[in-house]
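J.: The numbering used here numbers the first residue of the sequence shown as 22 and each following residue consecutively.
Submitted below is the structure of interest, expressed as structure tokens.
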Amino acid sequence: MEGEIVNKVANSALVVFDLEDIYPTNPRMEIDIAQWLYEGFVLREKDFRAALKEVDWSIYQDAYVGLHCSTDAILPGWAYMVLTSHLQPVAKRVYLGDKHHLESSIFQELLFAIDYTQYADLPVIIKGCSKKEIPEEAYVLATQLMMNHARSVMFGEACSAVPVFKRAVKRG
């Protein structure tokens, strides 16, 4: 049929890798250890442990929790470990860091769990437009991991993709 509109994108071998598809919907929560510091800089073990016994840990049920300190206090390593021991039974996962580090860590874990062999020798577009907040680190890691398998990696949408990587063709 002459003048027929053909959807070249739908007929292409392009595979879209959308980071939103792996974005977990669990709540994200942060705990600032500064709330338990004496005068904002000193962590007293006895007081800290007593305060933690009073926390309702159920509010962190199935949440991704980031632990951080908003002051310049020098904290002993065990402080975050003790907090983690209270969160472990209820939280989905506990990470060290603020909200940004939390998101980056979640994506790092999720991206390393993917089997990239399904993208072997295929042209892949890592979708760039997202309704959710995807950290830049996730795009960097996805690119690194995808490059080991895909024939090419692009960023964006099928209609306007930016080439990122193309595997050299071996001529034999």
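Glycine residues also receive a C-beta, built at the ideal position from the N, C-alpha and C atoms.
Kindly indicate the opening and closing residues of the alpha helix (DSSP H) around Glu178.
T.: In the DSSP assignment, Glu178 falls outside any alpha helix (DSSP H) and within the unbroken beta strand (DSSP E) covering Ser173 to Glu178.
J.: What's the gap between the Cα of Tyr194 and the Cα of Lys113?
T.: The chain is shown from 22 up to 193; residue 194 falls before or after that span and cannot be answered.
J.: What residues in its chain sit with their C-beta under 8 angstroms from that of Phe38, if we drop five residues either side in the sequence?
T.: Tyr140, Val145, Ile146, Ile147, Lys148, Ala163 and Met167
J.: Rounding to the nearest angstrom, what Cα-Cα distance links Val27 and Val185 in this structure?
T.: Because the pLDDT of Val27 is 48, which lies under 50, any placement of that residue in the model is unreliable, and the number read from its coordinates should be weighed accordingly. For Val27 and Val185, the distance between alpha carbons rounds to 26 angstroms.
J.: Between Gly118 and Ser106, is the Cβ-Cβ spacing less than 8 angstroms?
T.: no
J.: When the Cα atoms are used, what is the spatial distance from Leu104 to Glu75?
T.: 13 angstroms
J.: In this structure, what does DSSP give as the bridge partners for Tyr116?
T.: Gly87
J.: Quick one: any contact between the segment 93-103 and the segment 51-64, if contact means 3 or more CB pairs under 8 angstroms?
T.: Because the criterion of three Cβ pairs below 8 angstroms is met, the segment 93-103 and the segment 51-64 touch.
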